[in-house]
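Residue numbers (the numbering used here), protein chains in the order written: chain A, 6 to 216; chain B, 6 to 15.
The beta carbon of each residue, even a glycine, is placed where N, CA and C say it ideally should be.
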């Protein structure tokens, strides 16, 4: 474990908590893409099937929290507060993300076993899972501040993981190209948002995308 | 290809 990965995981945890609190407190999931949240639930389910393989208390605890929180978020959006779910703007065709990720996982992986292919699928899936949410923000042309804080924390997590991978390569000579390439793609997808967040939201303005 | 090891990252 290193500081980059620890802060990255905590940023990830913070993002998930911000989102849950936003929906729970405002009793509304307006502006939130349910599709992205379903994709995240798929990501954690397919990645953490190795939960029985004990790595550390921290590792096991975080996996349980991420799985539970992602399903809780999907439940809040599609069941409890479904009246506030914005169908009309959450229209990204997720099949164009799921299928290619799965096919790519079958073609490019470290080991052609069920667990490893599903882990690889979760890595590819996670790198594009935020697209429906970013698409929804671009369609509505804006995002609530709390939603942009969620996106900033979520985007920062994988950006910090890139620093973790650099650190691990230089100190432990450990690297995983699949995770690294997907993590770079994932972080690049946030760049446009990061720019808007830093130039607007941090100055107290609302996140307005050029429509 | 890094040899197959368990994934210790989240």
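Identify whether residue 100 of chain A lies in helix, strand or coil by the three-state DSSP scheme.
In the structure shown, residue 100 of chain A sits in a helix (DSSP, three-state: H, G or I).
Suppose contacts are defined by Cβ-Cβ distances below 8 angstroms. Is residue 20 of chain A in contact with residue 159 of chain A by that definition?
Yes, the pair counts as a contact, with Cβ atoms nearer than the cut-off.
Would you kindly work out how many angstroms separate the C-alpha atoms of residue 167 of chain A and residue 35 of chain A, rounded to a whole number?
Near 31 angstroms, if we compare the C-alpha coordinates of residue 35 of chain A and residue 167 of chain A.
If we count Cβ pairs, one from each stretch, closer than 8 angstroms, do we get three or more for the stretch 92-110 of chain A versus the stretch 118-131 of chain A?
The answer is yes - the stretch 118-131 of chain A touches the stretch 92-110 of chain A, with three or more Cβ pairs under 8 angstroms.
For residue 14 of chain B, which three-state DSSP category applies?
DSSP places residue 14 of chain B in coil when its eight states are reduced to three.
Provide the residue(s) that pair with residue 156 of chain A in DSSP beta bridges, ordered along the chain.
For residue 156 of chain A, which the question treats as bridged, DSSP gives no partner whatsoever.
Cutting at 7 angstroms between CB atoms, please list the residues of its own chain near residue 94 of chain A, excluding the five before and the five after it.
Cβ neighbours of residue 94 of chain A beyond the five flanking positions: 141, 144, 145.
When you compare the stretch 8-28 of chain A with the stretch 182-194 of chain A, are there three or more beta-carbon pairs, one atom per stretch, that lie closer than 8 angstroms?
Segments in contact, no.
Between residue 46 of chain A and residue 39 of chain A, what straight-line distance do the alpha-carbon atoms span, to the nearest angstrom?
Residue 46 of chain A and residue 39 of chain A: Cα-Cα distance of roughly 11 angstroms.
Alpha carbon to alpha carbon, what distance is there between residue 82 of chain A and residue 88 of chain A?
Taking the straight line from one Cα to the other gives about 9 angstroms.
In three-state terms, what does DSSP make of residue 77 of chain A?
Here residue 77 of chain A sits in helix by DSSP.
In terms of residues, what are the limits of the alpha helix (DSSP H) holding residue 17 of chain A?
Its alpha helix (DSSP H) spans residues 8-31.
Starting from the beta carbon of residue 67 of chain A, find every residue of chain B whose beta carbon is closer than 9 angstroms, and list them in chain order.
Here the neighbours are 15.
Does DSSP classify residue 56 of chain A as helix, strand or coil?
Coil.
For the ligand ATP, is there a heavy atom less than 7 angstroms away from the beta-carbon of residue 15 of chain A?
Ligands are entirely absent from the displayed structure, and the ligand ATP is therefore not among its contents.
Check whether the Cβ of residue 6 of chain B lies closer than 8 angstroms to any Cβ atom in chain A.
Its pLDDT being 45, under 50, residue 6 of chain B is placed unreliably in this model, and the coordinates cannot settle the point.
According to a CB-to-CB cut-off of less than 8 angstroms, which residues of the stretch 10-39 of chain A neighbour chain B?
The residues in question are 10, 14, 17.
I want to verify the contact list: residues of chain B whose CB lies under 8 angstroms from the CB of residue 7 of chain A, in sequence order.
Chain B residues near residue 7 of chain A: none, gap ~11 angstroms exceeds 8 angstroms.
Count the other C-beta atoms from every protein chain shown that fall within 10 angstroms of the C-beta of residue 138 of chain A, then say buried if there are 16 or more, exposed otherwise.
Buried, since its Cβ has 16 or more Cβ neighbours within 10 Å.
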